[in-house]
């Protein structure tokens, strides 16, 4: 397996080297450069999935043993650490990177600087790939920084767009804050364990679980802070909605890949971060607030890309909430689902207006009726019972942990909203189709969760549930439930003056971005 992992890292290394291609030559030979980068990305995608399939097959055939982990080292430094977590993330990054490279070929066709674009795209995808399989925290941090720098050059691709330049430098400033926190954690971890190799750190933690030093606690806090800054959590979120004038494939790469780095950091270092439960609690609180805050703003946006940007912020908040509650397997599944959805959403954003127009025309031909609260209540009870029944069939009990209850509640809200929309139509056939689809989605989620958990669980710690964790989950349940009710009140015939006022404030992002730009605007221009 070590030989396979070494071969696996070769395409990522070659993509990193693509930045050494002279810009003038790359632009003059744009066709060759884009074919080279896209070809390497495709090879990495195939290799990542083949080795991941080999890994999963080994797990299936060796049920009585722990899945093998592969470590490649040089002079005491573990270059690559391949386990369920890193293999899963590497396969996802490889797929997203290949799709974006393929899409960029047509999207950037005719651009004078497309050679430069593909240089930096290859470099960025290579850096994120190395970050996914790094076996050493120092290499992880270096790949983290390289991915950020590569993304910066992609964000400033259009030199004649001041808004794009300003957003890129705002993001650059925020990223350096996260880098500083990560560097501080790195120093503390090395002082404590005398190594930065993940496998050795995790082994030391398992053997000294009862001896937690202040350095480990502070390291956990710095890791959490770095993840918050990287994944656009409040108040570090304002740069993401500003990056709307960058090429669409860059937006897809950023929203479907790089912004997930904060969540992956927490999952990868979960054996260490879980030793600081107060840091995880803080992460859950920040994530829950960010999810609700961004979701409210998202509902009021008229721009397709801005709506997707605030959707990403909300989704990252929910992912951080999952990590904070110790639901690391669910967070990993969330990364998978969100990455695939957001890549598709951005790469198909050009046809959204046409699709909405078609939906509007169809809607005008149908009778739309208001769903009564009694019908909505009956539907809610039916969906909850269906979810509990299906999850019990798979041996999943969502009531044992706060994270399980929260995830089940959110899934039920989504299904209620999905099926409830069909009730607005006079078509019984549409309601039946929506109901069947809801059942299939519930089955798909349970199967997906069990599959992801089977792959990554051996590398994850068991987080003890505390009273504060249950309290946070309860507050979040009420918050999400309130937001669901708010969406139903908005479409009701009743006109509330306070709702109109709230809409104005929410559509302007509650003026957080304006205030920060007023206070720290000069940082974004340097």
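Residue numbers (UniProt numbering): 1 to 526.
The beta carbon of each residue, even a glycine, is placed where N, CA and C say it ideally should be.
Here the structure is a predicted model, which means the values were calculated and not measured.
Exercise. Measure the C-alpha to C-alpha separation of residue 274 and residue 451 and round it to an integer number of angstroms.
Key: 23 Å
Quiz item: Of all the options 190, 213, 133, which has the alpha carbon lying nearest to the alpha carbon of residue 265?
Solution: 133
Practice problem: Give me whichever residues DSSP pairs with residue 260 in a beta bridge. | Solution: Per DSSP, none; premise fails for residue 260.
Practice problem: Leaving aside the five residues before and after residue 252 along the sequence, list all residues of the same chain whose C-beta is less than 6 Å from its C-beta, in chain order. | Solution: 100, 343, 346, 347
Quiz prompt | Limits of the alpha helix (DSSP H) - the one that residue 200 falls within | solution = 198-207
Exercise. Grab me the residues of residue 193's own chain with a C-beta within less than 6 Å of its C-beta, minus the 5 sequence neighbours each way, in chain order.
Key: 201, 204
Quiz item: Taking C-alpha atoms, which residue in 463, 443, 292 lies nearest to residue 396?
Solution: 443
Quiz item: Shortest alpha-carbon distance to residue 461 belongs to which of 206, 89, 164?
Solution: 206
Quiz item: Can you tell me whether residue 485 is buried or exposed, with buried defined as 16 or more other CB within 10 angstroms of its CB?
Solution: exposed
Exercise. Pull up the distance between the alpha-carbon of residue 94 and that of residue 310, whole angstroms please.
Key: 25 Å
Exercise. Please work out which residues of its chain come closer than 6 Å, Cβ to Cβ, to residue 144, disregarding the five sequence neighbours upstream and downstream, and give them in chain order.
Key: 131
Quiz item: What number of angstroms, rounded off, separates the C-alpha of residue 28 from the C-alpha of residue 269?
Solution: 43 Å
Practice problem: Consult DSSP for residue 500 and reduce its assignment to one of helix, strand or coil. | Solution: helix
Self-check item: Segment limits, alpha helix (DSSP H) that includes residue 52
Solution: 30-61
Quiz item: Around the Cβ of residue 378, are there at least 16 other Cβ atoms within 10 angstroms (buried) or fewer (exposed)?
Solution: exposed
Quiz item: How about residue 148: is its C-beta nearer than 8 Å to some C-beta of chain D?
Solution: In summary, chain D is missing from the structure at hand, where a single protein chain is found.
Exercise. Answer yes or no: do residue 258 and residue 147 have a C-beta to C-beta separation smaller than 8 Å?
Key: yes
Self-check item: Buried versus exposed, by CB contacts within 10 Å (16 or more), residue 499
Solution: exposed
Quiz prompt | Cβ neighbours of residue 89 in the same chain (closer than 7 Å, five flanking residues each side left out) | solution = 132, 264
Exercise. Report the three-state DSSP secondary structure of residue 134 (helix, strand or coil).
Key: strand
Quiz item: Does DSSP classify residue 108 as helix, strand or coil?
Solution: coil
Practice problem: Just mark residue 229 as buried or exposed, buried being the case when its beta carbon has 16 or more other beta carbons within 10 Å. | Solution: buried
Quiz prompt | Alpha-carbon spacing of residue 140 relative to residue 261, whole angstroms | solution = 11 Å
Quiz item: Among residues of its own chain, excluding the 5 on either side of residue 167, which ones have a beta-carbon nearer than 7 Å to its beta-carbon?
Solution: 155, 239, 242, 243
Quiz item: Looking at C-beta atoms only, is the number of pairs between the segment 401-408 and the segment 464-478 that lie closer than 8 Å three or more?
Solution: yes
Quiz item: Among 157, 161, 138, which one has its Cα closest to the Cα of residue 184?
Solution: 138
Exercise. Check residue 165 in the structure and name its three-state DSSP category.
Key: helix
Quiz item: Got a sec? Which residues, its chain only, sit under 6 Å from residue 171 by beta carbon, not counting five neighbours each side?
Solution: 239
Quiz item: What first and last residue would you give for the alpha helix (DSSP H) that runs through residue 615?
Solution: For residue 615 there is no data in the structure shown, the boundaries of the chain being 1 and 526.
Quiz item: Mind checking residue 249: buried by the 16 CB within 10 Å criterion, or exposed?
Solution: buried
Practice problem: Give the range of the alpha helix (DSSP H) segment to which residue 509 is assigned. | Solution: No alpha helix (DSSP H) holds residue 509; DSSP gives it neither H nor E.
Quiz prompt | Nearest-angstrom beta carbon gap, residue 197 and residue 78 [assumed within contact, 8 Å] | solution = 4 Å
Quiz prompt | Reference residue 213; option with closest CA among 189, 381, 333, 510 | solution = 189
Quiz prompt | CB contact flag (residue 319, residue 337, <8 Å) | solution = no
Quiz item: Buried or exposed: residue 478, going by 16 or more other Cβ atoms within 10 Å of its Cβ?
Solution: exposed
Quiz item: Are the beta-carbon atoms of residue 459 and residue 84 separated by less than 8 Å?
Solution: yes
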